[in-house]
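Protein chains in written order, with our numbering: chain U, 125 to 457; chain V, 125 to 457. Inspection log for the structure reproduced underneath, given as structure tokens.
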């Protein structure tokens, strides 16, 4: 059987292009003992994968040139050499960008797709959801009545982080890149206010006007000038949840910006970078809370599904121009 | 009785000068019920006082123009209208820069000057010592074998912070502004290494070479380019204790520097600004530990004492050119 896969053709310098990816065809091998043959169903694209395209030490291992890109995938079991899985099961795993693949059973997790859409395991019930949960609950810790600002608020993580802050009784403002997204945040996801950073000329003043009592928690997915504006509005004892810096991922040099340490000092502010893996021992707790909130309707979620395996590189690139509402993924078909 | 006092003549723009201070003479009033007449003995000068000269919201209230500068003072009781104090007692209080003053007894603390020098209550057994203690113990939390870097290491706080890290079993590097200070740090205060930032041309590489395993805790008193160099060497899960930013206090505008959030993110680093008052409920604990360490000789301390009340403004200004070894103060005489 022939399969299609996508490998890293070359490392990007700055913004990646389709030239950094290459489609390949190869003959699929037979499964061995304890292995499972999988057909990819939903394939995740995530901003953190940009870092893995570089050859530098970061929190996730680098992709290798001429080897497949890999990430979160929801797949169907086609053939099983393991007692743990049967043909027809739906599983989640960290898998290559390929139409089919073989994986050891121990690296797969069976998922229930009857009560929630399968793509949710790449979003609200997967890495982005857990990231929103632990960042907000363990670092942000918003109290009733506090003001919380979320950047990248209409993204896979931001939507969850903001709604969790609402559950904690906070006043929540989202920052997003279009009027459509801002409308969605307020009307569908219960944010109190939303700011379109692309049409705002004075972000610092705009944040001040929607947060008249200052900002107590800043959940940051983007960095850069948006973060400068929010940091200028932080209150005494504020917490900055450093979750993503998508505005900086494609820079080839460290950007300059206003020094923030003096403000962090004079206001006793904490900034904490994290990656969801830091909380791996508590995944069960997070997963249980998120599943409960989704099933009872307390947290709403949205996903942008692009159809066709061949669209994967373009869909990934779309993350950096904000093409997604909520979690973005490709349905392989 | 005539007394001399020093008032804020005008708010500095940038680096303060002697023009921002004015000496005044006034007639001392009589003490009332519950009040104490004090003669200033040792008067503290501290970097944080620069912030109080501005008219902006910070962690300490602003000084008022035409009113006395105030800070930590060790004083002798000359006359007492309170049962809590007797003539001849030595006390500590937050008092005006004045040769004599009257203060309510409830704002004063009697101190023991038999077993430790009186100036220690402005340093190791006062605000700077507690700042070093809580910053290092509660935020830095160095573990045995970890690498700790302290900037402003030969200052009133840095000397304590570094020695506390040594007590915790860490490898400790100090950054200071002269070869003399570096020698002192290694020979007298037990630092493992010391770097003179004034003669180093490539601080980032120099930090990398004295901390070959990277930096786990950075206790920052200075900010600016020194901090850029250390932050570039921080390890995964490093902690930055944000205690001071003396290099930035005299800036009239926010300085630009390399953006640090991306590095904090990808290495799961925490930065926490604090002020010693955040720990006021635990002062007894800190004071008890520091007193024990000083009395048993585990922590050594040094002070720079300038003689003469009239030298106060110049001594304060000297902090910004690094004129002090350890805690700097004026003996009023």
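Glycine included, every Cβ here is placed at the ideal spot set by N, Cα and C.
On the premise that residue j lies in contact with residue i, defined as a C-beta separation below 8 Å, what is that separation, rounded to the nearest angstrom?
| i | j | result |
| --- | --- | --- |
| residue 199/V | residue 165/V | 6 Å |
| residue 301/U | residue 320/U | 7 Å |
| residue 221/V | residue 167/V | 6 Å |
| residue 262/V | residue 234/V | About 28 Å separates the two Cβ atoms, so there is no contact after all. |
| residue 453/U | residue 169/U | 6 Å |
| residue 290/V | residue 296/V | 5 Å |
| residue 183/V | residue 392/U | 7 Å |
| residue 277/U | residue 246/U | Residue 277/U to residue 246/U, Cβ: 19 Å. No contact. |
| residue 269/U | residue 286/U | Residue 269/U to residue 286/U, Cβ: 16 Å. No contact. |
| residue 153/V | residue 248/V | About 34 Å separates the two Cβ atoms, so there is no contact after all. |
| residue 410/V | residue 258/V | 6 Å |
| residue 370/U | residue 444/U | 7 Å |
State the beta-bridge partners of residue i as determined by DSSP.
| i | result |
| --- | --- |
| residue 196/U | 218/U |
| residue 147/V | 130/V |
| residue 380/U | 382/V |
| residue 358/U | 339/U |
| residue 318/U | 298/U |
| residue 455/U | 166/U, 431/U |
| residue 275/V | 299/V |
| residue 366/U | 344/U, 397/U |
| residue 201/V | 162/V |
| residue 233/U | 216/U |
| residue 450/U | 279/U |
Which residue comes first and which comes last in the alpha helix (DSSP H) that contains residue i?
| i | result |
| --- | --- |
| residue 412/V | 407-420 |
| residue 176/V | 173-176 |
| residue 327/V | 327-334 |
| residue 349/V | 348-355 |
| residue 282/U | 282-291 |
| residue 311/V | 303-311 |
| residue 397/V | Here residue 397/V belongs to no alpha helix (DSSP H); instead the beta strand (DSSP E) covers 394-397. |
| residue 257/U | 251-258 |
| residue 439/U | 436-442 |
Between which two residues does the beta strand (DSSP E) containing residue i stretch?
| i | result |
| --- | --- |
| residue 429/V | 427-431 |
| residue 167/U | 159-168 |
| residue 75/U | Shown here, chain U extends from 125 to 457; a query on residue 75/U therefore has no answer. |
| residue 403/V | It is not in any beta strand (DSSP E) - residue 403/V carries neither H nor E in the DSSP assignment. |
| residue 228/V | 224-228 |
| residue 343/V | 339-344 |
| residue 189/V | First-last for residue 189/V: undefined, no H or E at that position. |
Let me know if residue i comes out buried or exposed under the rule of 16 or more other beta-carbons within 10 Å of its beta-carbon.
| i | result |
| --- | --- |
| residue 451/V | buried |
| residue 317/U | buried |
| residue 345/V | buried |
| residue 429/V | exposed |
| residue 303/V | exposed |
| residue 374/V | exposed |
| residue 100/U | The requested residue 100/U does not occur in the structure, where chain U is confined to residues 125 to 457. |
| residue 223/V | buried |
| residue 125/V | exposed |
| residue 204/U | buried |
| residue 341/U | buried |
| residue 180/V | exposed |
| residue 239/V | exposed |
| residue 218/V | exposed |
| residue 427/U | buried |
| residue 377/V | exposed |
| residue 383/U | buried |
Indicate whether the contact test is met: 3 or more Cβ pairs, each with one atom in the stretch 174-185 of chain V and one in the stretch 134-142 of chain V, closer than 8 Å. By the Cβ rule, the stretch 174-185 of chain V counts as touching the stretch 134-142 of chain V, because three or more pairs are nearer than 8 Å.
Inspect the CB distances between the stretch 266-275 of chain U and the stretch 333-341 of chain U and report whether three or more fall short of 8 Å. yes
Does the stretch 348-359 of chain V touch the stretch 385-393 of chain V, meaning 3 or more C-beta pairs lie closer than 8 Å? yes
Contact the stretch 125-138 of chain V vs the stretch 197-213 of chain U: 3+ CB pairs below 8 Å: no
With contact counted as at least three CB pairs below 8 Å, one residue from each stretch, are the stretch 249-256 of chain U and the stretch 221-232 of chain U in contact? no
Three CB pairs or more closer than 8 Å across the stretch 208-225 of chain U and the stretch 148-166 of chain U: yes
Using 8 Å as the Cβ pair cut-off and three pairs as the minimum, do the stretch 434-446 of chain V and the stretch 429-440 of chain U touch? no
The stretch 409-425 of chain V in contact with the stretch 405-423 of chain U per 3-pair CB rule at 8 Å: no
So, does the stretch 394-403 of chain V touch the stretch 365-374 of chain V, judging by three or more C-beta pairs under 8 Å? yes
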